[in-house]
Structures are given as structure tokens and as C-alpha cells.
Amino acid sequence: MLTAEELLAGSGLTFDIRLPAEVLQPTRADGVPDERTVRLRPLTVADLQLVTRAAKESDSLVATLMVQRALVDPAMTVAQVAGMHVGLLEFLLGEVMRISGIGVSEPELRAAVEAPLAKAAHVLAREFGWTPPQVSELTLGQILVHLQLLQEQRA
Numbered sequence: 156m157l158t159a160e161e162l163l164a165g166s167g168l169t170f171d172i173r174l175p176a177e178v179l180q181p182t183r184a185d186g187v188p189d190e191r192t193v194r195l196r197p198l199t200v201a202d203l204q205l206v207t208r209a210a211k212e213s214d215s216l217v218a219t220l221m222v223q224r225a226l227v228d229p230a231m232t233v234a235q236v237a238g239m240h241v242g243l244l245e246f247l248l249g250e251v252m253r254i255s256g257i258g259v260s261e262p263e264l265r266a267a268v269e270a271p272l273a274k275a276a277h278v279l280a281r282e283f284g285w286t287p288p289q290v291s292e293l294t295l296g297q298i299l300v301h302l303q304l305l306q307e308q309r310a
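All letters in the sequence shown, in the order written, are residues 156 to 310 by our numbering.
Right under this line is the structure:
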């Protein structure tokens, strides 16, 4: 059996993501590849809860906040991320969702983060004896895997 530490380890990972030249500078005419790298980390449940609360008034903030929370290097403010061109933001959001284990659309993500996520955190805390801070460090992908395992054990 895995330990709680092994299950929670995914939230501490970072990933170096190469930005294709055509995403970084879509209007570059010389065709010379100029790929650069950023470092991202998976989003945790705490990140998604924060994004949901902060973006309640504006759906357009969800993507910006998700990318901002995941960017490790370079660290950027929300205002800086909001100043990116849309293609770059969309590319980074896709990578954030991929490394976080999120395979859903933005509206589906919004719906999943609200009440069901709180219930899932409660179930995981009860079943595994985890504290709320431990549960909040899980990525959404990790939560879904643990819930699936619990469901399979009960079946």
C-alpha cells in the first residue's frame, strides 16, 4: 500500500515546459526557432478553491489565476499573466491542466471545484485519516484517483 506521503508527493513536483516558438511569438517572420522553457507545478485543491473564490465575479479570471498559481519559474503576478497574449495563456493553461490531471473544460472545472470537491475532501480525510492541510495539497487528479480506488474497494 502507498503511504500518505507518497500519495501527496505529486503536489510537490515541477515540470519544465518548452514553449514552441510559434506560441511564444506567433508573428515572428524569420522562422528561426526560439523555444524557451517555463517551470510549472500541478495545481492543488487549495489552489482550485482559491481560484474559484477569487474568480466568482469574472469567469475570464479563471484561466489567468490557474496559470499564475502554477507558474514556478518565472513567478508572475496576476497582472503580468493577464498581460500575456491569448495564445500563450491558452497554451500554458493546457499544460497546467495536463500536469494537474484535469481533463475537463473550464465550465466543468468550475462545477467540480465547488460543492463536490468539499465532499470529496471530507471523504478522503475520513477514509485516510488525513488532515485538511494534507487534503488541500492534493491535485485534482490525485483526488479523482483516490476516490476511484475507494469506490473499487467498496465494490
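For glycine and all other residues, C-beta sits at the position ideal for the given N, C-alpha and C. Please read these numbers as outputs of a predicted model, since none were measured by experiment.
query, result
"For THR219, the residue or residues it bridges with in DSSP", "Per DSSP, none; premise fails for THR219."
"Contact under 7 Å by Cβ, VAL222 with LEU293", "no"
"Helix, strand or coil at ARG196 according to DSSP, with G and I counted as helix", "coil"
"Best match in ARG191, SER255 and LEU216 for proximity to GLN235 [C-alpha to C-alpha]", "LEU216"
"Residues of its chain near THR286, where Cβ-Cβ distance is below 8 Å and the 5 sequence neighbours each way are ignored", "ALA280"
"Nearest candidate by alpha-carbon position, reference LEU295, set ARG191, LEU198 and PHE246", "LEU198"
"N-terminal and C-terminal residue of the alpha helix (DSSP H) that ILE172 is part of", "Here ILE172 belongs to no alpha helix (DSSP H); instead the beta strand (DSSP E) covers 170-174."
"Reference VAL290, options GLU245, VAL193 and ASP202, closest by Cα", "ASP202"
"Opening and closing residue of the alpha helix (DSSP H) in which LEU244 lies", "241-255"
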